[in-house]
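Going by my numbering, the residue at position 5 of the sequence shown is 200; the numbering climbs one at a time, nothing skipped.
Every residue gets a Cβ at the ideal spot worked out from N, C-alpha and C, and that includes glycine.
Quick caveat: nothing in here was measured; it's all calculated off a predicted structure.
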Amino acid sequence: MKRLLILSALLLTACANPARNLYEGIKQSNDAKRTPMERATQPTPDYDAYRKSLENADTK
């Protein structure tokens, strides 16, 4: 029983930021649909840049 509890706690810490994981998954899915030229000329922002843009929009 202790091992199961420890294992489940370790698995939960691996998914510490589900919003980041969801954003990265959607980003990768959308990047796979784009052409190499589109990816080179218009790279999608990473999660940190996305959060900063949301915070800047909230303060305006």
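Distance, residue j Cα to residue i Cα
i      : j      : result
Ser248 : Thr239 : 13 Å
Tyr228 : Ile221 : The residue you asked about is not Tyr; residue 228 is Lys in the sequence shown. Looking at the two C-alpha atoms, the distance is approximately 11 Å.
Ala204 : Met232 : 43 Å
Arg198 : Leu217 : 29 Å
Gln237 : Ser224 : 15 Å
Ala211 : Thr254 : 26 Å
7 Å CB neighbourhood of residue i in its chain, flanking five on each side removed
i      : result
Arg215 : Tyr242
Asp226 : Arg234 and Thr239
Endpoints, alpha helix (DSSP H) assigned at residue i
i      : result
Ala227 : Pro213 to Lys228
Thr254 : Tyr242 to Thr254
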